[in-house]
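Enquirer:
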Amino acid sequence: MPTRNINLTDHFDQFLANQLDSGRFKNASEVVRAGLSLLERAETEDAIKLEALRKVSALGLAAYEKGEFTRIEGDGALDRFFEELP
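Residues 4 to 89 in the numbering used here are what the sequence shown spells out, letter by letter.
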């Protein structure tokens, strides 16, 4: 395994120490790997969400360009629109 040197803020140094003290991790490398795994998962989930948003926004734009939309003007009209949703 490659070795890396990292610099931690006081906050993260204390957090790492607390994780080790809890007994959940055997060493700092395990804590860092767990953190990197969470970051990787979050980035993957964000990419999936972004792709889904791009798809639905493309669908919405296509519908708008075809005139398939409802114009809502004013707070009262907006409230009524949401009240009428199934």
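Every residue gets a Cβ at the ideal spot worked out from N, C-alpha and C, and that includes glycine.
With C-beta atoms as the reference, is residue 73 less than 8 angstroms away from residue 84?
Expert: The residue given as residue 73 occupies position 70 in the sequence shown. The residue given as residue 84 occupies position 81 in the sequence shown. Contact flag set, yes.
Enquirer: Give me the Cα-Cα distance between residue 6 and residue 20, rounded to the nearest whole angstrom.
Expert: Here residue 6 refers to the residue found at position 3 when the sequence shown is read from its first residue. Here residue 20 refers to the residue found at position 17 when the sequence shown is read from its first residue. So the alpha carbons of these two residues sit roughly 20 angstroms apart.
Enquirer: The alpha helix (DSSP H) that contains residue 79, what's its start and end?
Expert: Walking along the sequence shown from the start, residue 79 turns up at place 76. Per DSSP, residue 79 belongs to the alpha helix (DSSP H) from 78–86.
Enquirer: Look at the alpha carbon of residue 56 and the alpha carbon of residue 36, and state the distance between them as a whole number of angstroms.
Expert: Taking the first residue of the sequence shown as position 1, residue 56 is located at position 53. Taking the first residue of the sequence shown as position 1, residue 36 is located at position 33. Between residue 56 and residue 36, the C-alpha separation is close to 30 angstroms.
Enquirer: Kindly list the residues whose CB is nearer than 8 angstroms to the CB of residue 66, restricted to its own chain and excluding five residues on each side of it in sequence; keep chain order.
Expert: Against the sequence shown, residue 66 aligns to sequence position 63. The answer, listed in chain order, is 72.
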